[in-house]
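Last residue of the sequence shown? That's 1190 in the numbering used here, and every number before it is there in order. Here is the structure we will look at, set down as structure tokens.
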Amino acid sequence: MSHEKHNSQWMIDHVHNTARFFTENPHISWMVLVFTALWGIYGFLKMPQRKDPDLPVKVAMAICPWPGVESEKVEELITRRIEEKMAENVTVKKIESTTRVGVSFVWVELQESVSEPGKEFDDIKLRLDDMRDLPEGAGPIQFVKDFGSTAALMLTVASPRVNDVQVELRAKTIERAIAKVRGNDDARVSVVYGFPASVAHDGVRRSFGAFVQQAVQDGVIRDTRLFEGSGFVGVDAMSGKDDAAILKYGFNYLKSHLRVSEIHPDAWQPAIIRHIGETSKKIAEVMADKYTYRDLNDYADLIKRTFQTIPQVSKIDIAGNLEERVYLSYSQERLASYGIPVNQIGKILSARNTPISGGMIEVNGRNITIDPSGEFTSEKEIGDVIIAQPKNGPPVYLRDVAEINRSYESPARYLNFYTWKDANGNWQRTRAVTLAIQMRPGEKIGDFGKAVDATLANLKTALPEDLIYARTSDQPLQVEENVDLFMNSLYEAIILVVIIALVGFWEWRSAFLLSLSIPLTLAMTFGMIWLLGIDIQQVSIASLIIALGLLVDDPVVAGDSIKRGLAEGLKPIHAAWIGPTKLATAILYATITNIVAYLPFLMLSGDQGLFLYSLPVVLTCSLIASRIVSMAFIPLLGYYILRPDRKPEKPMSEKRTQGFTGWYYRTGTWAIQHRWKVMLGAVVMLVVGFGIGSRLKTQYFPKDLSYLSYIDIWLPEDASLYATRGIASEAEAIVREVAAEYGNKHENSDVLESLTTFVGGGGPRFWFSLSPEPRQQNYATIIIQVKDKHDTQHLLEELQTELTKRIAGARINARQLETGPPVGVPISIRIAGDDATTLKKLSQKVQAILRSIPTAERVHDDWGAENFAVNLDIDADRANLSGITNLDIAASTSTGMNGYQISVLREGDKQIPILARLRMDERAQLSDINNLYVYSMQTAQKIQLKQISNSSLTMKQETIKRRNQFRTITTSAFPTAGYLPSEVLALALPKIKELERTLPPGYKLTIAGEAEKQAEGFGQVGVVMLVSIIMIFMALVIQFKNAVKPLLVFAAIPFGAAGALVVLWIMDAPFGFMAFLGVASLIGVIVSHVIVLFDFIEEKHVEGAPLMEALLDAGIVRLRPVLITVGATVFALFPLASHGGPLWEPLCYAQIGGLTIATFVTLILVPVLYSIFVLDFKIVKWERNTINNE
């Protein structure tokens, strides 16, 4: 005791440090304390908020169309050249491409080290713009450098159903038309087809008449009577078929005789009416949505322009809007009879429809503009254009040879539908458009959401009252809920830490001091991370929860040392700073140890590094803040709060024999005396722990816990949008049915909120790890929104089973959103090479391997099957004699089948293309190709295609994938419900490796998917762990000035890792990236506790204490602060494990298990190891006269 007093007196006389300054200058200290609190509050309020860390996607996409050209030719002449140009940029990391018939998509990804991706993308764009020698008809190349931007809000604007008044008005008109032709014969049946007024009546009448004629020939109907009115045509007839049979026949006729995909999107489904009195009911069942696509486009455009005035909004994209077109549907026979080639019509319209100014004239000092008024203002004006003037006849108007229809792009390439429940609880599916609204960087998403709400509320007065608005992806709401959830976890953790402190100290003053240190440390942490530009999101808040146990370590030790000083009789003004000063070195090195355990995680690269960037930053800031608080504010507050215990502290001799400390001393004594038996038991524990760990399943990152999920729908490569739309509609019905059944089974009948469907391509990027598919007619996606996010996973498992069982001819995947870096399809094997046939054969072998595994399902490759193509074998001699070139043939077939633009119709700021193409009934069959007229561009010669060529069907590859400038086919699969991808791959890997050894020269097989990402991620964490160990070892060598003692400190680490693995096994949690992170981060926490223990051992060594007493007295003295800090750390993780979702559970389990086991190892095994190093190995020196007969 006299030694301690002398030491304290010396410190009073000679030591001047931060702790003493803050204790002896209370006015300055309180001012700094208040400033720190205000700084933290201000930083917290100003920090942007988001659900997940911002992952800048350094990916851009180039799109180059070449309509009608086979994929192999597009690959050779477009895709490869774009890839070569992109590869010239030195920062490019990866190039991937998809080549389809008529279009090339090329994605370029930059290296992680690129800090200014926009600059590099601009360089790549300039290189692509220099490609001047594209094949004729190809291009232009569109470069999309904001491909990776994520929408903060998706607002879907949908049409309601027509109201009862509109239905009744239309039904009365149709009813009168039916009654007029039917009379009183109720045995008859009427088929009615409705269409928009903008559609040419003549064309519909002709097509409907052809259908009626064919139906009569096939015996479906007889005794027909046609009728029509404004916006509808119909037939009243006798029929022996029921309604379903008539409708089925009608749909089959449409598919076989007409182009179903070109039917006007605003048209109705056919209605079957048997009794005139039920006309209103039947029309209500089929009548289209209230608002047309044009209406929705106009409303969306108004919303977009208004939202762009909001300061927090950066960019808005509209998905699902159909562009209008004016179609001139001509009969080639009619044109041929007048001798008018199609390209001549284009020249005539261009000359007539001119926006060129007529000049200006000056009159009396005024400039007057001359407007020739030559532009078209309506479809009627287009039809009134004279296209020919026969010598002996009247002029030929365009309306005489072509039907003029105003419609949308036909066939449609991209559609959006919204499924919702009406006021009566009935599901409705209506047409929609979706606005993808992005937020400016650095803004608070809560303010963004409020601004959008307020603007939309004001805007609704200018829009129809019944228009439907739905937030189909709502990040402001998700962020608010997620931040609230994590903040509540933080508050719960703080309460648990205070309770642990109260129990541990068993007196309110010390617990109160600790409870004051927590908000001060958090305030300083918030202030620092705000200056560093960190957002409030799940990783940063979870980092604070993880740090909570660490940041109370220093205040607990500092507070405990003040209590010991008071117990030793020091004045409060002296004990307040002398106690923390005595342990300043130990606290400093413990802090450094924890910092260097986490800070190397900044070395993680790629998406995982960006995703977890805030974790080491926040933890480092919190530990630095904790160090400052323990050496500045704890002495200040301790002076006012702490008092010496009323009962004098028990002498060490009494502590060694009584209570829990007495049990600890006796146990420790036995363990040291039987140290080799204890070590053997410890080794057995390690073997068992790591043996259990080897049985853990592995997983990279878990799926996200979200209200949103989605369904990918893939049809064969040659499927039309109409076919894809039909399958998507079937899938929606199954989703509604399965959701209802799931709700009934789980006492929650209302599970489903809404469905948002995009047909013909992916929707907007509404999730950071989601990569939307490019536009392709054989693909659709359905975004599912549920009311309780905990239902998502189980609902999708049931849904996948039903979708696979009930929908044939399509590949359908129900997918959860990913958390962490994107993986895509979890089980993937890539094979790269040159020959397409060889790649397909190798892929089939891999598919056979995967299909042989019972736990693998939905096995497929990403090239798809070959599809039919029409091959025109041109007779060169006949073509030459006829004055026809191959270019003439290609132009004529393309114009006839698909149409070409000949002019525009201007309406305000809109320019509506005018396209000429054959009538639908002249190009609906494959045989119609042979009847096409081919016009020479050089002469007036025309000839039917069948006279100069022979057509035949051939098989062609529709899709070709490439990766880093080599053809690459990827074979993929999904695990069945209840299994992880790693389990499936483990079974397939031996056969895949065997196949790899037999690959032909020049071919390469790579394991992709989750395994590739996991190997990369685990490798990086392994390097980080090694760096942490080296840095901690160096810090300990500097502290102890000895290279052996740090090895004793490290002795507890393997036991912590074993404990972590055992708890993961008990909780049935996979060993993934976050679990590995938890194990790696245990190092610093464990070592920091051992350091404080070692500091006391070294202190007693200097004093000349016997070895046994020094080792076990250290445990007794440090027992309370160690147990409090470990208890605080462990219990603080409980709320995060409970509320943090699947991402944080493995990390929490690993740290809870590791710290719990390591603590007991620290208190028992470290003294045993120390004694072995002194007594047996004699590596650590301890004076013999103090060994005391151990």
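All C-beta atoms, glycine included, are put in the ideal place defined by N, C-alpha and C.
Looking only at 590, 517 and 614, the smallest Cα-Cα distance to residue 531 is reached by 614. Taking 7 Å as the cut-off, the beta carbon of residue 212 is found closer than this to the beta carbon of residue 235. Residues of the same chain with a CB within less than 6 Å of the CB of residue 67, apart from the 5 flanking positions on each side, are 102 in chain order. In this chain, residue 1139 is not harboured by any beta strand (DSSP E); it is covered by the alpha helix (DSSP H) spanning 1107-1139.
Per DSSP, the unbroken alpha helix (DSSP H) holding residue 664 starts and ends at 659-673.
The continuous stretches of beta strand (DSSP E) do not include residue 877, which lies in the alpha helix (DSSP H) extending over residues 876-881. Residue pairing from DSSP places residue 417 in a beta bridge opposite 431 and 757. For residue 194, the beta-bridge partners assigned by DSSP are 232.
Positions of the beta strand (DSSP E) runs, each at least 3 residues long and wholly inside the region 452-500, are given as 468-474 in order along the chain. When DSSP states are grouped into helix, strand and coil, residue 860 belongs to the strand group.
The C-beta separation of residue 686 from residue 1055 comes to about 7 Å, placing the pair in contact by the 8 Å criterion. Take residue 1141, set aside five residues on each side of it, and the residues of its chain with a beta-carbon closer than 6 Å to its own are 705, in chain order. Only buried fits residue 418, as 16 or more other CB atoms lie within 10 angstroms of its CB. One Cα belongs to residue 775, the other to residue 61, and the distance between them is close to 13 Å. Listed in chain order, the non-local C-beta contacts of residue 974 below 6 Å within the same chain comprise 857 and 858, local neighbours out to five positions each way being set aside. Here residue 1124 really is in contact with residue 500; their C-beta atoms are around 6 Å apart, less than 8 Å. Counting the other Cβ atoms within 10 Å of the Cβ of residue 901 gives fewer than 16, which makes it exposed. Residue pairing by DSSP places residue 366 opposite 363 in a beta bridge. In the three-state scheme derived from DSSP, where H, G and I count as helix and E and B as strand, residue 925 is classed as coil.
By DSSP's assignment, residue 833 forms a beta bridge with 967. Residues of the same chain with a CB within less than 7 Å of the CB of residue 338, apart from the 5 flanking positions on each side, are 388, 396 and 401 in chain order. Taking residue 968 as reference, the option from 1092, 832, 282 and 270 with the minimal CA-CA separation is 832. When 1021, 919 and 527 are compared, the shortest CA-CA separation from residue 38 is found for 527. In the assembly as shown, residue 827 is a buried residue. Its beta-carbon has 16 or more other beta-carbons within 10 Å. In this structure, DSSP gives residue 633 a helical state, which the three-state scheme calls helix.
Taking each of 1165, 808 and 1173 in turn and checking the Cα distance to residue 670, the smallest one comes out for 1165. Residue 578 and residue 1082 have their alpha carbons spaced roughly 31 Å apart. Within a 10 Å sphere around the beta-carbon of residue 394 sit fewer than 16 other beta-carbons, which makes this residue exposed.
Between residue 194 and residue 231 the beta-carbon gap is near 6 Å, inside 8 Å, which marks them as a contact. The beta carbon of residue 225 sits closer than 8 Å to those of 181, 182, 235, 236 and 237, all from its chain and outside the five residues before and after it, given in chain order.
Judged by DSSP in its simplified three-state form, residue 166 adopts helix. Fully contained in the region 319-362 are the following beta strand (DSSP E) runs of length 3 or more, in chain order: 324-330. By the beta-carbon neighbour count (other beta carbons within 10 angstroms, threshold 16), residue 264 is buried. In terms of Cα proximity to residue 111, the closest of 17, 606 and 485 is 606. When 529, 797 and 1014 are compared, the shortest CA-CA separation from residue 698 is found for 1014. For residue 928, same chain residues with a beta-carbon under 7 Å away, outside a window of 5 residues either side, are 922 in chain order.
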